[in-house]
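Single-structure report; data block below.
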Amino acid sequence: MNPSHRLDPVESGRRLGHDLFLYRRPLRPDQLTSCVREGYAEARSRLTHTSAPDRYVRKWLQVRLGAHGRGRVVADDVTPSLLREIDVSECPVLRVALTHGERGEDDWSVDRLNNDGAYAANNLAVMSARANRAKGALDFAEVRHRASLEAACGGLEPVEWARLAALMLGPCFVERPCEAPLIPLTAAIPRRSARPAAQQIQHVFAISASRPAGKNRLVKAFKPVCFDERSLVRLSSLADAVHAGLKAVDRACDVWLQPAAMPALSAWRTSLGEQGWAAAGEVSRALTGARTIPPRRLASWHLDTRGYAA
Numbered sequence: 005m006n007p008s009h010r011l012d013p014v015e016s017g018r019r020l021g022h023d024l025f026l027y028r029r030p031l032r033p034d035q036l037t038s039c040v041r042e043g044y045a046e047a048r049s050r051l052t053h054t055s056a057p058d059r060y061v062r063k064w065l066q067v068r069l070g071a072h073g074r075g076r077v078v079a080d081d082v083t084p085s086l087l088r089e090i091d092v093s094e095c096p097v098l099r100v101a102l103t104h105g106e107r108g109e110d111d112w113s114v115d116r117l118n119n120d121g122a123y124a125a126n127n128l129a130v131m132s133a134r135a136n137r138a139k140g141a142l143d144f145a146e147v148r149h150r151a152s153l154e155a156a157c158g159g160l161e162p163v164e165w166a167r168l169a170a171l172m173l174g175p176c177f178v179e180r181p182c183e184a185p186l187i188p189l190t191a192a193i194p195r196r197s198a199r200p201a202a203q204q205i206q207h208v209f210a211i212s213a214s215r216p217a218g219k220n221r222l223v224k225a226f227k228p229v230c231f232d233e234r235s236l237v238r239l240s241s242l243a244d245a246v247h248a249g250l251k252a253v254d255r256a257c258d259v260w261l262q263p264a265a266m267p268a269l270s271a272w273r274t275s276l277g278e279q280g281w282a283a284a285g286e287v288s289r290a291l292t293g294a295r296t297i298p299p300r301r302l303a304s305w306h307l308d309t310r311g312y313a314a
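Shown next as structure tokens:
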């Protein structure tokens, strides 16, 4: 890792203490490290004005407090503005309305999708406290396994585990996106979250293929990546399957649970080969305006230390 991305836990703690005072949050010195207390005391001696926090600032401070206590890294790009950007009104896993400040199972929480990464902009999602607790320290393989079971386990139904797996896929394979398995995109991926080519493609088909004109535009857009007649036929079959499947679901992402959708996507992917599939990913990225994650931002995940401060 570039040394410029190495975290100074002491300085991070002092900044946290400063912000706790700035936003009028109570300080319990017996529960906090000396560097947090130092930052708090320094801010108290220098600042004459403090600010009333909104719920995004309160959550930002809560995330930092929890992470600091566990030695976890919170990247500089995690800000109240980021939390506002990724906020949702409904839990993407349980599909229940989120509450705020009620400390119940449906209360909103901010969680890392790749547990081996830091709290960083492309590794976060807002979900309910119950979904967060169920996920815990599980890795992607275990979450995917639970999605394959026939009965509920660990507090979630199989379809809810499948939604969680969809959320985790991009961040968990961020260093090796070509190895990401092809799974149904059954949840709305958070804004700015890492997303492999397969999910980009599923997203653009789900949002654009509901109308005949949209379906035809997709076929036209992806036609250049089809190198032979077979792949072009399978592209048309995929567009038809998604178009028909969308008529049977209330939420666009649920189209990938329809019987014909995933087999059609898999068949098209096979016909394209690795080169064609990569090209299809670039087409979908252009259609959605998605951006790649630069190496400097990925460095802030501290994957080499599993998200802990070195």
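Going by our numbering, the sequence shown opens with residue 5, and the numbers climb by one from there.
Every residue gets a Cβ at the ideal spot worked out from N, C-alpha and C, and that includes glycine.
1. Quickly, what does DSSP pair M131 with across the bridge? List them, please.
2. What ranges does the alpha helix (DSSP H) occupy inside the region 228 to 271, keeping only unbroken runs of at least 4 residues that lie completely in it?
3. Is the region 109 to 125 touching the region 168 to 178 in the sense that three or more CB pairs, one from each, lie closer than 8 Å?
4. Give every residue of the same chain whose Cβ lies closer than 7 Å to the Cβ of M131, excluding the five residues on either side of it in the sequence, and list them in chain order.
5. By a C-beta neighbour count over all protein chains shown, 10 Å radius and 16 as the cutoff for buried, is H9 buried or exposed?
6. So, is R180 buried or exposed, given that buried needs 16 or more other C-beta atoms within 10 angstroms?
7. If you draw a straight line from the C-alpha of E146 to the C-alpha of R167, how long is it?
8. Kindly indicate which three-state DSSP category R32 falls into: helix, strand or coil?
9. Taking 8 Å as the cut-off, decide whether the C-beta atoms of L26 and Y60 are in contact.
10. Is it buried or exposed, P7, if we count other Cβ atoms within 10 angstroms and call 16 or more buried?
11. If you drop the 5 nearest sequence neighbours on each side, which residues of the same chain put their C-beta closer than 7 Å to that of A213?
12. Return helix, strand or coil for R196, following the three-state DSSP convention.
13. Starting from L98, trace the alpha helix (DSSP H) in both directions and tell me its first and last residue.
14. Am I right that V77 and A122 are in contact with their C-beta atoms under 8 Å? What's the rounded C-beta distance?
15. Does the Cβ-Cβ distance between Q262 and A271 come in under 8 Å?
16. Thinking C-alpha only, which one of P298, P57, G43 is nearest L51?
17. Pull up the distance between the alpha-carbon of V259 and that of L24, whole angstroms please.
18. How far does the alpha helix (DSSP H) with S38 in it extend, from its first residue to its last?
19. Using C-beta distances below 6 Å, list every residue in its chain close to H22, excluding the 5 sequence neighbours before and after it, in chain order.
20. Using the Cα positions of G73 and S16, report the straight-line distance between them to the nearest angstrom.
21. Can you give me the Cβ contacts of A79 inside the same chain, cut-off strictly under 6 Å, excluding the 5 residues immediately before and after it?
22. In this structure, what does DSSP give as the bridge partners for C157?
23. Measure the CB-CB distance between V208 and S288 and report whether it falls below 8 Å.
Result, derived from the coordinates:
1. S113
2. 233 to 250
3. yes
4. C95, P96, V97, S113, D115
5. Residue placement at H9 is poorly supported in this model, since its pLDDT is 49, which falls under 50; the coordinates are not used for a value here.
6. exposed
7. 13 Å
8. coil
9. no
10. Interpretation of P7 is limited by its pLDDT of 41, a score under 50 that renders its predicted location unreliable; the figure taken from the coordinates is listed afterwards. So P7 counts as exposed.
11. K219, L222, A243, V246, H247, L250
12. coil
13. Here L98 belongs to no alpha helix (DSSP H), and DSSP marks it neither H nor E.
14. 4 Å
15. no
16. G43
17. 45 Å
18. 38 to 50
19. G43, A47
20. 12 Å
21. A122, A124, S304
22. L160
23. yes
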